[in-house]
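Counting along the sequence shown from 1, when you hit position 398 you're at 958 in my numbering, and nothing is skipped either side.
Glycine is no exception: its CB is placed at the ideal position from the N, C-alpha and C atoms.
Bear in mind that the values here come from a model prediction, so they are computed numbers and not experimental data.
Reviewing the structure listed below.
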Amino acid sequence: MIIENNDETKAKDLSAIMVIFGGTGDLTHRKLIPALYNLVHDNLLSENFAIVTIGRKTKTNEEYKNEILVSLKQYSRNKIEDNVLEKLNNILYYYELDFTKVDGYKSLKDYLCNLDEQYKTNGNRLFYLAVAPQYFETIVESLSLNNLAPGEKGSKKLVIEKPFGKDLKTAKKLNESLLKVFGEKEIYRIDHYLGKEMIQNIMVLRFCNPIFESLWSNKYIDNIQITLSEQYGVGSRAGYYENSGALRDMIQNHITQILSLVAMEPPVNLKTESIRSEKLKVIHAIEEFTPESLRDDVVFGQYGKGFIDGQPVQGYRDEDMVLPQSNTETFVALKFHINNFRWAGTPFYVRTGKRLSTQAAQIVIQFKSFPDILYFKDRIQEPNLLVIQIQPKVGVFFQFNTKDFTTLEDIVPTKMETSHVAEMQGNTPEAYERLIFDALRGDATLFTRWDELEASWTIADQIIAHREKSKLIFPNYDSGTMGPVKAFELLARDGKKWWTI
Ligand code: BG6
């Protein structure tokens, strides 16, 4: 998680050709190429490194690079400097291939072998699947049939984007297909939230600060809230989203991963498998839902029209490519119980949604309050809150009580904040930079192991089955609000409220 020894990192063989399937796609333009630009900028790539982006359209290298430049200007966190751009352009190649047809891969192999000579990359490959999930298996099988897979000279790694299946059954099937070709240790399943600075910081905050870790349990923590709220609507992704919904899109992966980092036991060391095993135990300890808890503790929502920052926006059912009667959820709030010694009795509330009033990702730890005696005999007691701000603010917020200087006896909550707004700071590394760098140096800590995914699909499947049986009356929240009323009632019933810091 933390790079402990830079010399060790430097000593590793980072030479490789990174082969991106989906080279003309949105992800490559918005995230991967800007991340690679910034890795070049920060001098983190090996001299023996090249990038081949694969697309079905005919275009020259020059045309591709011109298109990329437009995206780079828009999405790179560092300004575009001519010398850095030149370095990137010198290692970037566009290759036309219809990756659904197995016969094109033979020429791809020859092409990569030629680049091996030029860049001294020893046959090392990082295959990155930035394509729609229906192509994952075809591509991997074609790599295998054309001797591009493990077993040939050099290391072979596979980075795979979400969605990893649409339920446990399809995830298992996909995993089995991948494992026929790549070993578990060669598969890097991306959850881009794990590459975000403050998500990596959860372990540091907990295990480097006795002040927090000694209070980190049901004895002192009243409840924990994870909110990933977006102002964006579904945009142009309805084709995918209609078959996914917020539960598969955000809860099964990002939120379950965050939850496991917040709730895990300290690992015995900082090695990849030790950390992943502790995370897995948390997911295993999540209490199974009962018909009653599914009914009472899970809230689905879909946005109707409304206003975002004063601008009118349409409802989900009016979005491009969405069915007018669609029952896809764009919001989920739910309560998890983690049934282990540390957490039994402390609820974990999570919520995520599109077209909400705020664009923010944060984890709120609400500490237990004192009894209403002494100072709080006749005053409202504000709880201690520790807020891990993931984005757009990046940092930590802490709320504690002090005496007000200006009056004789008031007690006021004091707010201490270390956060900065990432866009303004401009220099918080993007998740994808970290993840690509880690995959190149063979560190899978920030990628999801199969058994973690399997466990999280088991939970998600239960909720999906319930959703499919439920009679949902959608839309049930206006764009620009924080979701359906029921999401507020979920906490109010427990005498609590959502915190938005
Ligand atoms: C993706 C989801 O995994 O995460 C999107 O598919 C969502 O629907 C996105 O918008 C949010 O990521 P971020 O990094 O913008 O918070």
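Taking every protein chain shown into account, the CB of Thr966 has fewer than 16 other CB atoms within 10 angstroms, so this residue is exposed. Here Leu1000 has Leu574, Ala576 and Leu686 as same chain residues with Cβ atoms under 7 Å from its own Cβ, once five neighbours each way along the sequence are excluded.
Distances between the C-beta of Asp809 and the heavy atoms of the ligand BG6 include at least one below 6 Å.
By the Cβ criterion, the segment 602-609 is in contact with the segment 670-683, since at least three pairs of Cβ atoms, one from each stretch, lie closer than 8 Å. Taking every protein chain shown into account, the CB of Ser1039 has 16 or more other CB atoms within 10 angstroms, so this residue is buried. The C-alpha of Thr918 is placed about 16 Å away from the C-alpha of Ala1047. Every unbroken stretch of the alpha helix (DSSP H) spanning 4 or more residues and falling wholly within the segment 975-1027 is given here in chain order: 982-985 and 991-1000. At the C-beta level, Val924 and Gln785 come within 7 Å of one another. If you look at Ala576, you'll find it in the beta strand (DSSP E) that goes Ala576 to Phe581. Pairing Lys1056 with Leu1050, the inter-Cα distance amounts to about 9 Å. Relative to the Cα of Thr1041, the nearest Cα in the group Leu1032, Gln949, Thr906 and Glu790 belongs to Glu790. Each residue's CA atom was taken as its position, placing Glu1028 and Phe1007 some 30 Å apart. Look at the segment 617-658 and you find these whole runs of beta strand (DSSP E), each 3 residues long or longer: 652-656. Where Thr962 is concerned, the enclosing beta strand (DSSP E) starts and stops at Lys953 to Lys963. Ser631 and Gly905 have their C-alpha atoms spaced approximately 48 Å apart. Contact annotation: Pro710 and Phe659 have beta-carbon atoms that are not nearer than 7 Å. Between Thr1005 and Ile835, the C-beta gap is smaller than 7 Å, which places the two residues in contact. Per DSSP, Gly1055 is not a residue of any beta strand (DSSP E), being assigned neither H nor E.
Only residues of its own chain outside the window of five on either side were considered, and among them Asp857, Pro907 and Tyr909 have a CB closer than 6 Å to the CB of Lys895, listed in chain order. By the neighbour-count definition (other C-beta atoms within 10 Å, threshold 16), Gln959 is a buried residue.
Straight across, the Cα-Cα distance linking Glu969 with Trp1059 is about 26 Å. Relative to Leu629, the option among Leu596, Glu656 and Gly615 whose CA is nearest is Leu596. A direct Cα-to-Cα measurement between Tyr665 and His752 gives close to 29 Å.
Looking from the CA of Phe849, the closest CA among Ile1023, Leu689, Ile1033 and Thr618 belongs to Ile1023. Per DSSP, the unbroken alpha helix (DSSP H) holding Asp676 starts and ends at Tyr665 to Tyr679.
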